[in-house]
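First residue of the sequence shown: 18, per our numbering; consecutive thereafter. One structure is given below, encoded as structure tokens.
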Amino acid sequence: MENQERDALARNLKDAGCGPELIRRCLLLAADQRPGEEIRLLRGYRLRLLEGIHTEQKKLDRLDHLLYQLEKAKA
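Shown next as structure tokens:
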């Protein structure tokens, strides 16, 4: 893997919110040409991100419901 490719991959992983350890592991796997394992790692990270989104969505839904109840009681 060329330095330019490595730098671009590291930048993309960082922009996606990957931490230093995940970036390091992905770069090693990419250098070893083991894309299957790299994909597995990134899919796991994606799943964790998605679970976080769902958790935050539930909080928003509950807050919206509370606001609705408060506004309804005020009227």
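All residues carry an ideal CB built from backbone N, CA and C; glycine is no exception.
Rounded straight-line distance, which links the Cα of residue j to that of residue i
i: Gly88; j: Ile70; result: Sequence check: residue 88 is Glu here, not Gly. Cα to Cα, Glu88 sits roughly 27 Å from Ile70.
i: Ala33; j: Glu22; result: 16 Å
i: Leu59; j: Leu77; result: 27 Å
i: Asp24; j: Met18; result: 10 Å
i: Gln86; j: Lys75; result: 17 Å
i: Leu80; j: Ala92; result: 18 Å
Outcome for residue i when other beta-carbon atoms lying within 10 angstroms are tallied against a minimum of 16
i: Leu84; result: exposed
i: Leu30; result: buried
Three-state secondary structure (DSSP) of residue i
i: Asp49; result: coil
i: Cys35; result: coil
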